[in-house]
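**Student:** Quick one: structure below, then a few questions.
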Ligand SMILES: NC(=O)c1ccc[n+]([C@@H]2O[C@H](COP(=O)([O-])OP(=O)(O)OC[C@H]3O[C@@H](n4cnc5c(N)ncnc54)[C@H](OP(=O)(O)O)[C@@H]3O)[C@@H](O)[C@H]2O)c1
């Protein structure tokens with residue numbers, strides 16, 4: 044039953060939401076979940092899903108409660124996602140809640156997975172537990188917390204978040220001889236954090252050729268915000284634990300490269316021990332080139348177009364894809380209807396006429412599939428047709444393509460402005 048909660052209920056659910064953050068970047072493809080146990084107005088247990096394969100939030104909270112020498116029987120459990128009823132990497136939480144004699148469970152959001160969808164709450168009700176599903180602000184926050192999990196559960200595809208940096212004169216690439224960076228240091232540090240929170244990072248081959256990027260996540264060690272947990276197995280680290288580089292999960296690095304042009308001596312392929320590389324090629328790519336990529340240690344995925352590639356990534360358990368450009372690949376995702384969120388830094392610089400405009404994002408889609416360009420990155424390129432200018436107008440017949448954000452925020456990050464726009468909600 045959907046309920047308007049009391050102020051006390053809302054406060055405990057907000058704490059559960061805060062606890063859920065402790066699993067960010069560590070539990071995918073599982074959702075982020077936090078739980079709080081309250082008896083007689085007192086918090087008697089807290090927990091969160093901290094590691095993939097580790098205890099779920101509900102069990103962690105029960106364990107924490109018992110660790111404090113308390114009996115959870117008769118308590119209310121506040122949990123950000125409906126308790127599971129299936130045995131996966133862990134036994135079902137609904138069972139643990141019944142066994143513990145919990146009297147009431149307040150749930151912030153439903154689980155859209157086929158194997159869940161109401162089964163856990165049903166089992167609890169049948170077992171005599173009072174179950175309430177939150178509505179309002181906390182319910183929305185709980186859904187937003189798990190957008191990658193929710194999209195993946197509903198469509199089988201990863202959530203796609205575009206990151207782009209642009210200058211005040213609308214350029215997304217710097218001219219030759221200039222620094223490759225458009226955004227400032229603080230923005231770039233944030234990007235590393237976002238990478239560490241993503242299952243995969245993707246770029247188009249032109250970005251790989253132009254920038255020879257590493258695409259690994261190298262976030263600054265951070266002090267958890269006051270009260271925010273970072274601890275193994277649901278234990279709360281109450282003092283100054285730092286998140287070190289060793290705890291960072293490296294995302295899968297994906298290059299969209301129809302003609303298998305990624306150079307074998309690229310930094311991506313020279314750092315396979317740090318994180319794997321997946322190259323998405325067309326079935327028409329030269330067999331010798333794809334074989335060379337495989338021999339170099341890359342995984343090669345043959346897929347035509349954005350959606351097919353996303354479907355394959357989803358089947359591998361990739362729930363979030365951080366799309367780092369360039370603008371041509373971003374336009375292809377946009378044309379495929381696969382941009383869920385955009386995070387755009389606008390830097391207070393003018394890059395001038397020698398730099399490239401952000402044109403393609405406004406066109407009908409990615410570049411047409413005409414075959415490899417001449418001079419394929421030092422790998423014996425095949426002559427191809429000349430390519431359209433990046434800012435070419437949409438193909439004739441293309442109608443208006445405006446896509447308005449469902450929600451947006453604007454913040455300052457160092458000297459840059461950061462606009463976050465959400466286009467879809469799952
Ligand atoms: N400002 C920023 O945030 C930012 C971010 C990243 C890059 N950049 C800059 O952007 C420039 C590169 O951007 P770009 O727009 O030229 O290229 P891009 O988006 O990096 O790569 C485009 C290429 O991706 C390949 N591709 C593979 N599958 C595709 C598909 N389904 N649809 C469309 N393309 C597909 C195509 O080459 P094939 O046909 O050969 O596969 C296409 O030419 C670089 O200068 C880089 O420094 C800026």
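Residue numbers (the working numbering): 44 to 469.
Positions of the beta carbon are idealized from the N, C-alpha and C atoms, including for glycine.
Buried or exposed for residue 302, please, with buried defined as at least 16 other CB atoms from any protein chain shown within 10 angstroms of its CB.
**Tutor:** Counting from one through the chain shown, the residue named residue 302 turns up at place 259. Per the 10 Å Cβ criterion, buried.
**Student:** Can you tell me whether residue 169 is helix, strand or coil according to DSSP?
**Tutor:** Here residue 169 refers to the residue found at position 126 when the chain shown is read from its first residue. Helix, per DSSP.
**Student:** Just confirm the distance between the C-beta atoms of residue 341 and residue 322, as a whole number of angstroms; I'd bet it's less than 8 Å.
**Tutor:** Taking the chain shown and counting its residues from 1, the one referred to as residue 341 is at position 298. Taking the chain shown and counting its residues from 1, the one referred to as residue 322 is at position 279. With 8 Å as the limit, residue 341 and residue 322 qualify as a contact, their Cβ atoms being about 5 Å apart.
**Student:** Can you tell me whether residue 87 is helix, strand or coil according to DSSP?
**Tutor:** On the chain shown, residue 87 is found 44 positions in, with the first residue counted as 1. In the structure shown, residue 87 sits in a strand (DSSP, three-state: E or B).
**Student:** If we call anything under 8 Å between Cβ atoms a contact, is residue 78 one with residue 122?
**Tutor:** The residue you call residue 78 lines up with position 35 of the chain shown. The residue you call residue 122 lines up with position 79 of the chain shown. Yes, the pair counts as a contact, with Cβ atoms nearer than the cut-off.
**Student:** Take the Cβ of residue 224 as the centre, count every other Cβ of all protein chains shown within 10 Å, and call the residue buried at 16 or more, exposed below.
**Tutor:** In the chain shown, residue 224 corresponds to position 181, counting from 1. A residue is called buried once 16 or more other Cβ atoms fall within 10 Å of its Cβ, and residue 224, having fewer, is exposed.
**Student:** For residue 198, does the three-state DSSP call read helix, strand or coil?
**Tutor:** Taking the chain shown and counting its residues from 1, one reaches residue 198 at position 155. If DSSP states are grouped into helix, strand and coil, residue 198 belongs with the helices.
**Student:** List the whole-angstrom C-beta distance separating residue 310 from residue 256, where the pair is believed to meet the contact cut-off of C-beta under 8 Å.
**Tutor:** Stepping through the chain shown from its first residue, residue 310 is reached at position 267. Stepping through the chain shown from its first residue, residue 256 is reached at position 213. Contact holds; Cβ gap of about 7 Å.
**Student:** For ligand 1, any of its heavy atoms closer than 7 Å to the Cβ of residue 341?
**Tutor:** Translated into the one-based positions of the chain shown, residue 341 becomes position 298. Outside the cutoff, so no.
**Student:** Closest to residue 160 by CA distance: which of 382, 193 and 90 is it?
**Tutor:** Against the chain shown, residue 160 aligns to sequence position 117. Nearest option by C-alpha distance: 193.
**Student:** Smallest Cα separation from residue 108: which of 213, 145, 253 and 451?
**Tutor:** By one-based count along the chain shown, residue 108 stands at place 65. Closest in alpha carbon position to residue 108, among 213, 145, 253 and 451, is 145.
**Student:** Tell me which residues share the same chain as residue 249 and place their Cβ nearer than 7 Å to its Cβ, disregarding the 5 neighbours each side in the sequence.
**Tutor:** The residue given as residue 249 occupies position 206 in the chain shown. Correct list, in chain order: 369 and 371.
**Student:** How about residue 230 and residue 457: are their beta carbons less than 8 Å apart?
**Tutor:** The residue given as residue 230 occupies position 187 in the chain shown. The residue given as residue 457 occupies position 414 in the chain shown. With contacts defined by Cβ atoms closer than 8 Å, residue 230 and residue 457 form a contacting pair.
**Student:** Quick one: using the 10 Å Cβ neighbour count with 16 as the cut-off for buried, is residue 363 buried or exposed?
**Tutor:** Locating residue 363 in the chain shown gives position 320, counting from the first residue. With 16 or more other Cβ atoms within 10 Å, it is buried.
**Student:** Is residue 282 helix, strand or coil by DSSP?
**Tutor:** Here residue 282 corresponds to residue number 239 of the chain shown, with the count starting at 1. Model confidence at residue 282 stands at a pLDDT of 31, short of 50, so the residue's coordinates are unreliable; what they give is reported in the following sentence. Correct three-state label for residue 282: coil.
**Student:** Considering only heavy atoms of ligand 1, does any lie closer than 7 Å to the CB of residue 253?
**Tutor:** Locating residue 253 in the chain shown gives position 210, where the first residue counts as 1. Residue 253: yes, Cβ under 7 Å from ligand 1.
**Student:** Which residue marks the beginning of the beta strand (DSSP E) containing residue 80, and which one marks its end?
**Tutor:** Residue mapping note: residue 80 aligns to position 37 of the chain shown, counting from 1. Looking at the DSSP string, the run of the beta strand (DSSP E) that includes residue 80 is 77-82.
**Student:** When every heavy atom of ligand 1 is checked, does at least one fall within less than 7 Å of the C-beta of residue 301?
**Tutor:** Along the chain shown, one-based indexing puts residue 301 at 258. For ligand 1, at least one heavy atom lies less than 7 Å from the Cβ of residue 301.
**Student:** May I ask whether a heavy atom of ligand 1 can be found less than 7 Å away from the beta carbon of residue 161?
**Tutor:** Residue 161 sits at position 118 when you count from the first residue of the chain shown. No, the Cβ of residue 161 stays beyond 7 Å of every heavy atom of ligand 1.
**Student:** Closer than 7 Å by C-beta to residue 337: which residues in its own chain qualify, once you throw out the five before and the five after it? Chain order, please.
**Tutor:** Position 294 of the chain shown holds residue 337. Taken in chain order, the residues that qualify are 343.
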